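Under our numbering, the residue at position 145 of the sequence shown is numbered 352, and the numbers go up by one with no gaps.
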Amino acid sequence: MAIDKELKFNPNAEDEIEVDFERKLLLTNASGKIFALEGEVKKAAEDGAMPHPLTLRANIGDCIKIKLTNRLKAGNASIHANNVAFDPKDSQGINVGNNPGDQTVAPGKSKNYTFYAHPGYKRNGALIWDFGNLTQNVRSGLYGGIIIGPKGSIYRDPETGKDISLGNSWRADVIIDKSYPENADIDNYRDFALYFQDEGCELGNMFTACVAADSDPATPTLKAHAGDRVMINIFGAHNEQNQVFNLDGHQWRRHMDQEGSDMIDAEQFGAGEYIQAHINAGGTYNNPGTY
Numbered sequence: 208m209a210i211d212k213e214l215k216f217n218p219n220a221e222d223e224i225e226v227d228f229e230r231k232l233l234l235t236n237a238s239g240k241i242f243a244l245e246g247e248v249k250k251a252a253e254d255g256a257m258p259h260p261l262t263l264r265a266n267i268g269d270c271i272k273i274k275l276t277n278r279l280k281a282g283n284a285s286i287h288a289n290n291v292a293f294d295p296k297d298s299q300g301i302n303v304g305n306n307p308g309d310q311t312v313a314p315g316k317s318k319n320y321t322f323y324a325h326p327g328y329k330r331n332g333a334l335i336w337d338f339g340n341l342t343q344n345v346r347s348g349l350y351g352g353i354i355i356g357p358k359g360s361i362y363r364d365p366e367t368g369k370d371i372s373l374g375n376s377w378r379a380d381v382i383i384d385k386s387y388p389e390n391a392d393i394d395n396y397r398d399f400a401l402y403f404q405d406e407g408c409e410l411g412n413m414f415t416a417c418v419a420a421d422s423d424p425a426t427p428t429l430k431a432h433a434g435d436r437v438m439i440n441i442f443g444a445h446n447e448q449n450q451v452f453n454l455d456g457h458q459w460r461r462h463m464d465q466e467g468s469d470m471i472d473a474e475q476f477g478a479g480e481y482i483q484a485h486i487n488a489g490g491t492y493n494n495p496g497t498y
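Shown next, in the form of C-alpha cells:
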C-alpha cells in the first residue's frame, strides 16, 4: 500500500539543526509517504513508528505479483521496478508513449503488477520507484526494493528465526536450497538492504548517516558473526549528488560473479543505481570488531 506517513529521521535529534547562518539541516518530513504491506499499515502509521523502506524478497525464477492500493490523501501512485522483467504494457508503472491505459493508481483504487526474476539477471536487487508523481513522491519516501536470491531460498529473521520469505525486512538470513545444482557453491549468508538519499540539507531518509545524537546513530547497525558471509545491497534511492559506499576493513568483488574481478572497498553510486557488496564479516582474517 502507498500511505501518507510523517517521517522523523532521528528521534533523538531536533527537527532542524542550523548548519550556518543561511542553511538548516532538516530531520523531518511532515508530508512523507511510504510503501507498506497491508498488515503493517496500522503499526507504521502510529506516532513514533520508524518504518524502513519496503524491502521484499524473491528467488531467481520466481514470478512476483504485487497488488498496490493507493491510500494517499491525494495524488496517484505506482510501482516501477528495475532489474526484473515485466510486460511494459501492463507492469511498467509508467504512463509513457502509446502504451494503453493508466499504469498508475488513483487514491482509493488498486492495481496488480507482475514481475519475473529472470535467471539471466542472477542474484540482484530491484529498486522500486513511484511514478505517480516522480518529482515529489520518491523524494518523500515512496521507494523500496526487491532483493532476488538464489533459487529455492528461504528467508529468516536474524534475531528470531521467523520465516520472513513473504514479509518486509531490511535484513534476513538466506537459507540456501542445495538440491538445485546451481546452488552447489553458494553457502547460507546474511543479507542487508541499505537505501541512501540526499538532497541539499534535507535528510530524506532514515538511512542517511549524518546525525549520531547521544548514542548509536539513527541508522541501521549491521550485525554478523566473524566469518559469516554477508551480502549488503546498496540502493541509490534518490540522490542529488553521487555518493560512495565504503566498509572499513572489508573488500568485495567489483563484479560479484566474475572470477578475477578487482577487489574494492569503496564504490561510487548515484540515483537509481545498485551495488552488491558480498563480503566476509571481519575481513580477510575474520577479525571481530566494529567497522
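The beta-carbon is built from N, C-alpha and C at its ideal position, and this holds for glycine as well. Because the structure is a prediction, the values reported are computed rather than measured.
Could you tell me if residue i is buried or exposed, where buried requires 16 or more neighbouring beta carbons within 10 angstroms of its beta carbon?
| i | result |
| --- | --- |
| P495 | exposed |
| Q483 | buried |
| F322 | buried |
| R230 | exposed |
| Y402 | buried |
| F338 | buried |
| K369 | exposed |
| F228 | exposed |
| Q448 | exposed |
| G489 | buried |
| K358 | buried |
| G239 | buried |
| L373 | exposed |
| P258 | buried |
| Q450 | buried |
| A478 | buried |
| A355 | The question names Ala, but residue 355 is Ile in the sequence shown. Buried is the call here. |
| S347 | buried |
| L244 | exposed |
| M470 | exposed |
| A433 | exposed |
| M413 | For M413, the pLDDT reaches just 41, beneath the cut-off of 50, and the residue's location in the model is therefore unreliable, leaving the point undetermined. |
| Q310 | buried |
| V437 | buried |
| P260 | buried |
| A444 | buried |
| A209 | buried |
| T367 | exposed |
| T262 | buried |
| V345 | buried |
Closest to residue i by C-alpha separation, out of the options, would be which residue?
| i | options | result |
| --- | --- | --- |
| N319 | N344, R363 and I271 | I271 |
| Y481 | F442, E225 and D254 | F442 |
| I286 | A292, I267 and V312 | V312 |
| E253 | A288, D435 and L214 | L214 |
| L429 | K280, R397 and Q475 | R397 |
| F399 | I335, E245, R363 and V345 | R363 |
| P314 | R278, F476 and S238 | R278 |
| N236 | Q343, E247, N266 and G490 | Q343 |
| G282 | D211, P357, E221 and K358 | D211 |
| L454 | E447, A444 and T497 | T497 |
| S360 | K250, G268 and M470 | G268 |
| Q531 | E225, R378, A478 and H485 | Since the first residue shown for the chain is 208 and the last is 498, residue 531 is missing from the structure and cannot be characterised. |
| D384 | R378, E245 and N395 | N395 |
| A292 | I371, P326, T276 and T262 | P326 |
| L232 | D469, N217 and Q475 | N217 |
| R264 | M470, G434, V381 and T367 | V381 |
| A431 | E247, E474, N487 and Q475 | N487 |
| S317 | K274, T491 and V248 | K274 |
| E474 | S468, G246, D435 and F452 | F452 |
Assuming the contact rule is C-beta atoms closer than 8 Å, residue i and residue j should be a hit. Round their C-beta distance to whole Å, please.
| i | j | result |
| --- | --- | --- |
| N219 | G332 | The Cβ separation is near 30 Å, so there is no contact. |
| A324 | N266 | 7 Å |
| D405 | N340 | Not quite, the Cβ-Cβ distance comes to about 20 Å (not below 8 Å), so this is no contact. |
| L334 | N289 | 6 Å |
| W377 | P307 | About 36 Å separates the two Cβ atoms, so there is no contact after all. |
| L234 | I241 | Wrong, their Cβ atoms sit about 17 Å apart, outside the cutoff. |
Note to self: Any contact between the segment 453-462 and the segment 350-359? By contact I mean 3 or more CB pairs, one from each, below 8 Å.
What the structure shows: Too few Cβ pairs lie closer than 8 Å, so no.
Next item on the list: Scan the segment 269-310 and note each continuous beta strand (DSSP E) run of 3 residues or more that stays entirely inside, going in chain order.
Entry: You should have 270-276.
Check: On the three-pair Cβ rule with 8 Å, is the segment 386-393 touching the segment 292-309?
Finding: In short, these stretches do not touch, since the Cβ pair count stays below three.
Notebook entry, point to check: Can you give, in chain order, each stretch of the beta strand (DSSP E) that sits fully within the segment 311-380 and has at least 3 residues?
Noted result: For the beta strand (DSSP E) assignment, the uninterrupted runs of no fewer than 3 residues enclosed by the segment 311-380 are, from N- to C-terminal side, 317-323, 331-336, 350-356 and 361-363.
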